[in-house]
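Student:
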Amino acid sequence: MERVRVLVADDQALVREALCQILEPEFNVIGEADNGKAAIEETERLKPDLVLLDISLPIVSGMEAASRIRAVLPQIRIVLLTEHAGPEYVEAALERGVSAYCLKSAAVSELPEALHNAMRGDRFVSAALRAKCSVMRG
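So in the numbering used here, the last spot in the sequence shown is 146, and the numbers never skip.
1. In angstroms, rounded to a whole number, what distance separates the CA positions of Asp62 and His92?
2. I believe Glu40 touches Val16 by the beta-carbon criterion, under 8 Å. Please report the beta-carbon distance rounded to the nearest angstrom.
3. On the premise that Ser113 lies in contact with Arg131, defined as a C-beta separation below 8 Å, what is that separation, rounded to the nearest angstrom?
4. To the nearest angstrom, how far is the alpha carbon of Val14 from that of Ile38?
5. Please name the residue or residues paired with Asn125 in a DSSP beta bridge.
6. Looking only at its chain, what residues have a beta carbon closer than 8 Å to the beta carbon of Ile121, apart from the 5 residues adjacent to it on each side?
7. Relative to the alpha-carbon of Leu54, which residue among Gly70, Gly94, Leu137 and Asn36 has its alpha-carbon at the smallest distance?
8. Taking its Cβ as the centre, do 16 or more other Cβ atoms sit within 10 Å of Arg145, making it buried, or is it exposed?
9. Rounding to the nearest angstrom, what Cα-Cα distance links Gly105 and Val80 in this structure?
Below you can see the structure in the form of structure tokens.
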């Protein structure tokens with residue numbers, strides 16, 4: 009079975025590299041972007057199965073990039089990776105069609121779990137946020 013093709017978008021090079029190292033055993037990282045505009049462009053060019061986006065990207069936010077990607081390529085799964093732990097962020101992300109919302113403070117094992125859930129078509133929210141989010145309760 010072919011590995012899931014992933015594009016990683018984070019404005020910090022060290023974080024992107026670490027994410028690629030975490031993902032590479034199970035996933036095929038086919039591209040990277042350091043801002044939201046580049047993430048959109050690279051997604052349209054490479055057509056990955058999944059895009060891993062930081063919310064706080066420069067030029068175009070990760071949240072806006074997610075909306076634009078979903079509008080053009082709705083089959084691509086999107087996972088947001090962020091430090092923003094407010095339920096309002098989670099709910100806004102899920103309303104935009106994001107498949108998973110993962111905190112940067114979560115256990116490393118949560119990230120592959122989030123990506124696998126997204127590829128199955130299941131929603132995923134970091135364990136620390138699940139009880140706070142009404143969209144996960146009902």
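Each residue gets a CB set at the ideal place from its N, CA and C atoms; glycine is no exception.
Tutor: Taking the structure as given:
1. Numbered from 1 along the sequence shown, position 54 holds the residue referred to as residue 62. Numbered from 1 along the sequence shown, position 84 holds the residue referred to as residue 92. If you take the alpha carbons of Asp62 and His92, they lie about 10 Å apart.
2. Working through the sequence shown from its first residue, we reach residue 40 at position 32. Working through the sequence shown from its first residue, we reach residue 16 at position 8. Sure, about 5 Å apart at Cβ, within 8 Å.
3. As a first step, residue 131 is located in the sequence shown; it is residue number 123 there, counting from the start. As a first step, residue 113 is located in the sequence shown; it is residue number 105 there, counting from the start. About 20 Å separates the two Cβ atoms, so there is no contact after all.
4. For this step, residue 14 is matched to residue 6 along the sequence shown. For this step, residue 38 is matched to residue 30 along the sequence shown. Each residue's alpha carbon lies about 6 Å from the other.
5. Counting from one through the sequence shown, the residue named residue 125 turns up at place 117. Note: Asn125 sits in no beta bridge, so no partner.
6. By one-based count along the sequence shown, residue 121 stands at place 113. Note that residue 121 is Glu in the sequence shown, not Ile. Around Glu121: Phe132.
7. For the purposes of this step, residue 54 is identified with residue 46 of the sequence shown, where counting begins at 1. Nearest option by C-alpha distance: Asn36.
8. In the sequence shown, counting from the first residue as 1, residue 145 sits at position 137. Any answer about Arg145 is weak, because its pLDDT of 43 lies below 50 and its placement is not dependable; what the coordinates show is given next. Answer is exposed; the Cβ neighbour count stays below 16.
9. Within the sequence shown, numbered from 1, the residue matching residue 105 stands at position 97. Within the sequence shown, numbered from 1, the residue matching residue 80 stands at position 72. Roughly 12 Å between the two C-alpha positions.
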